[in-house]
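*Asks:* The following block contains the structure, expressed as structure tokens.
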Amino acid sequence: VKIADAQQAAPPRTDRPDDARNEYADYAQLNTLLTLQRPGTDEPAELSFLVVTQIMELYFTLLRRDWELARAAMAADRPREAVTALRRGHGTQEALTGAWEALRTLTPPQFDAFRESFGVASGIQSYQYRHAEFLLGARHPRALAVHDRTPAIQAELRAQYEAPSLYDAALGLLRRRGLVVPDELVERDFGVQHEGDDRAVEAWREVYHGADRDLAGRDLADLADALFDAAERHLCWKQRHLVAVWRSMGDKPGSAGTSGAQWLERGVHRKYFPDLWTLRDSGW
Ligand code: HEM
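Printed below as a string of structure tokens:
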């Protein structure tokens with residue numbers, strides 16, 4: 008759609024007359040955006056918490072878009088395009104992890120002062136985050152059950168759950184490029200988590216060795232690095248989240264009914280794309 012057509016077709020972005028005279032506000036939809044922060048208490052830290060939550064949701068949305076683009080590029084045998092999308096995502100991931108800074112000073116009394124504003128709401132219900140985790144290959148039916156009361160969101164998540172992850176798309180690409188990747192690793196039920204496979208580790212080893220010998224194979228090694236960087240950055244976000252929880256909530260239970268920090272601790276050791284980590288255990 009050309010910009011002129013889009014402007015004709017779209018309804019006015021705002022009914023606030025001032026926006027028409029402020030092109031920046033109009034483009035960024037500021038008068039809408041700035042009505043979306045409504046803390047339930049006077050505790051100043053609540054606005055920080057709310058804004059950081061909203062910012063992270065926007066970044067998860069960007070990540071999901073870029074990781075879906077990367078997956079599509081791999082499916083179309085365009086590894087360089089996939090790397091471009093993953094690298095754009097790395098920037099988003101850095102910004103996501105950096106966003107924890109704005110909550111660094113949140114103390115337990117401040118957090119308690121606004122906890123009742125969100126009641127039983129929990130980040131566990133963040134579906135954009137869950138899309139990102141599914142793209143990273145995480146599969147657990149409980150992650151879908153959280154959305155039992157919202158069928159449209161659940162259906163979209165289920166489609167993601169049953170679709171190839173970034174890693175599945177990468178293995179398919181490797182195979183079409185002539186590397187030895189067994190059928191059952193490529194034609195499989197994508198709703199089952201890939202827990203790692205030595206044959207896939209060998210295929211990645213060959214990718215790196217091939218890249219050393221022959222520059223033409225370098226694009227697959229770049230892809231492996233870009234996937235690894237995405238997995239590593241995701242872990243960093245999760246670790247900063249855990250530290251924020253330790254710092255502002257201690258070991259109290261979470262609003263979703265989990266044990267809180269203890270429950271989160273289990274997730275911060277997770278190696279997404281496990282074969283790329285196993286490769287590091289046994290030489291290179
Ligand atoms: C310092 C403030 C925060 C605290 C104390 C906190 C606490 C928690 C706790 C205890 C859980 C475990 C589930 C539960 O029982 O609720 C959780 C999960 C989660 N939180 Fe936070 N959170 C904070 C800030 C945020 C922010 C700003 C986001 C950004 C959207 C976020 C996103 C998530 C996500 C995505 C999960 C699910 C993680 C998973 O499934 O592995 N949290 N949080």
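Numbering-wise (my numbering), the sequence shown opens with residue 8 and increments by one. No residue lacks a Cβ here, since even glycine has one placed at the ideal position from N, Cα and C. Quick caveat: nothing in here was measured; it's all calculated off a predicted structure.
(1) Check asparagine 38 in the structure and name its three-state DSSP category.
(2) Less than 9 Å between the beta carbons of valine 214 and glycine 203, yes or no?
(3) Is any heavy atom of the ligand HEM found at a distance shorter than 8 Å from the C-beta of proline 260?
(4) Less than 8 Å between the CB of lysine 278 and some heavy atom of the ligand HEM, yes or no?
(5) Let's test the definition: count the other Cβ atoms within 10 Å of the Cβ of glycine 198 and tell me whether it reaches 16, buried, or not, exposed.
(6) Taking alanine 263 as the reference, give the member of Ala150, Thr99 and Arg95 with the closest Cα.
(7) So, helix, strand or coil for leucine 271, using DSSP?
(8) With a threshold of 8 Å, establish whether the CB of phenylalanine 121 neighbours any heavy atom of the ligand HEM.
(9) By Cβ distance below 8 Å, which residues in the same chain neighbour glutamine 269 in space, the five residues on each side in sequence not counted?
(10) In three-state DSSP terms, what is alanine 83?
(11) Beta-carbon within less than 7 Å of alanine 102's beta-carbon, same chain only, minus the 5 sequence neighbours each way: which residues are those?
(12) Do glycine 144 and leucine 180 have their beta-carbon atoms positioned less than 9 Å apart in this structure?
(13) Any idea what DSSP makes of valine 199, helix, strand or coil?
(14) To the nearest angstrom, how far is the alpha carbon of leucine 113 from that of histidine 97?
(15) Taking the straight line between their C-alpha atoms, what separation do you get for alanine 13 and glutamine 36?
(16) Quick check on DSSP: helix, strand or coil for tryptophan 244?
(17) Determine the DSSP secondary structure at glutamine 44, reduced to helix, strand or coil.
(18) Could you tell me the alpha carbon to alpha carbon distance between valine 275 and alanine 32, rounded to whole angstroms?
(19) Would the stretch 41-59 count as touching the stretch 118-128 if we require 3 or more Cβ pairs under 8 Å?
(20) From arginine 247 to arginine 87, what does the alpha carbon distance come to, in whole angstroms?
(21) Taking three-plus beta-carbon pairs below 8 Å as touching, is the stretch 236-246 in contact with the stretch 180-194?
(22) Taking buried to mean at least 16 other C-beta atoms within 10 Å of its own C-beta, is glutamate 140 buried or exposed?
(23) Judging by CA-CA distance, which residue of Ala177, His201, Ala233 and His138 is the nearest neighbour of alanine 166?
(24) Just to confirm, is the Cβ distance from glutamate 64 to leucine 142 under 9 Å?
(25) Which of the three DSSP states, helix, strand or coil, is assigned to tryptophan 291?
(26) Can you look up glutamate 64 in the DSSP assignment and give me helix, strand or coil?
(27) Tell me which residues share the same chain as glutamate 108 and place their Cβ nearer than 7 Å to its Cβ, disregarding the 5 neighbours each side in the sequence.
(28) With 16 other CB atoms within 10 Å as the buried threshold, where does valine 187 fall?
*Replies:* On the basis of the data shown:
(1) helix
(2) no
(3) yes
(4) no
(5) exposed
(6) Ala150
(7) helix
(8) no
(9) Taken in chain order, the residues that qualify are Asp258.
(10) coil
(11) Tyr66
(12) no
(13) Secondary structure of valine 199 (DSSP, three-state): coil.
(14) 27 Å
(15) Caution applies to alanine 13, whose pLDDT of 49 falls short of 50 and renders its modelled position unreliable; the model cannot decide the point.
(16) helix
(17) coil
(18) 40 Å
(19) yes
(20) 30 Å
(21) no
(22) buried
(23) His138
(24) The answer is no: Cβ separation not under 9 Å.
(25) coil
(26) Annotated three-state conformation of glutamate 64 is helix, per DSSP.
(27) Cβ within range, chain order: n/a, list empty.
(28) exposed
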